[in-house]
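Some notes on the structure that comes next.
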Amino acid sequence: DAFDAFMFNPNVQTALDNRRLQQNEMKLAAVAKEGGEYRYSFGSIDIYEYGGHYTDDNGVTQPILPSGTVIVGSTFMEGVRAFGAIRDEAAGFQAMPYYPKSWVDQDPSVRYLLMQSAPLVVPTRVNASLAATVL
């Protein structure tokens with residue numbers, strides 16, 4: 001909804017007409033990846049449309065982003081990648097980047113391999129991003 005409202009806004013249409021799409025690039029064959037689609041490049045701004053969903057506690061499918069919501073991100077947001085505790089007694093419930101584990105079951109004999117990780121991106125400049133309801 002927000003992307004369509006943006007693209008069909010008379011001011012945006014005028015800007016597109018004035019630039020004659022010299023610096024703008026329309027991706028007609030947008031490729032979806034996990035709910036997100038690259039839609040347009042407007043100058044130095046890349047625009048994506050996201051349509052991911054989740055199932056709430058009542059079993060109802062809900063959109064992750066409510067209709068009319070936009071998120072603005074920046075390369076200046078900065079941050080670090082931290083790691084949470086591995087939820088395994090053999091790992092000592094400690095925070096670590098990766099925890100490999102293997103075990104053998106008999107009849108039939110098979111070795112299982114497991115790699116666990118609990119990464120968490122921690123932004124350090126949260127004011128370099130924005131979420132807003134525009135419609």
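Start counting the sequence shown at 1; every next residue gets the next number (my numbering).
Where is the CB? At the ideal position from N, CA and C, for every residue including glycine.
Values in this document were obtained by computation on a predicted structure and should not be read as measured data.
1) Quick check on DSSP: helix, strand or coil for T14?
2) Assuming A2 and T69 are in contact, meaning their beta carbons sit under 8 angstroms apart, how far apart are those beta carbons, in whole angstroms?
3) Does DSSP classify D4 as helix, strand or coil?
4) At which residue ranges does the segment 38-103 contain complete beta strand (DSSP E) runs of 3 or more residues, listed in the order of the chain?
5) Roughly how far, in whole angstroms, is the beta-carbon of S129 from the beta-carbon of S41, given that I think they are within contact range, below 8 angstroms?
6) From the DSSP output, in three-state form, read off A128 for me.
7) Would I86 be called buried (16 or more neighbouring beta carbons within 10 Å of its own) or exposed?
Result, derived from the coordinates:
1) When DSSP states are grouped into helix, strand and coil, T14 belongs to the helix group.
2) The pair is a contact, with the Cβ atoms about 7 angstroms apart (cut-off 8 angstroms).
3) The DSSP-derived three-state label of D4 is helix.
4) Given a length threshold of 3 residues, each whole run of the beta strand (DSSP E) inside the segment 38-103 is given here in chain order: 45-50, 53-55, 61-63, 69-72, 79-83.
5) Contact doesn't hold; Cβ gap of about 19 angstroms is too wide.
6) Helix at A128.
7) With 16 or more other CB atoms across the displayed protein chains lying within 10 angstroms of its CB, I86 is buried.
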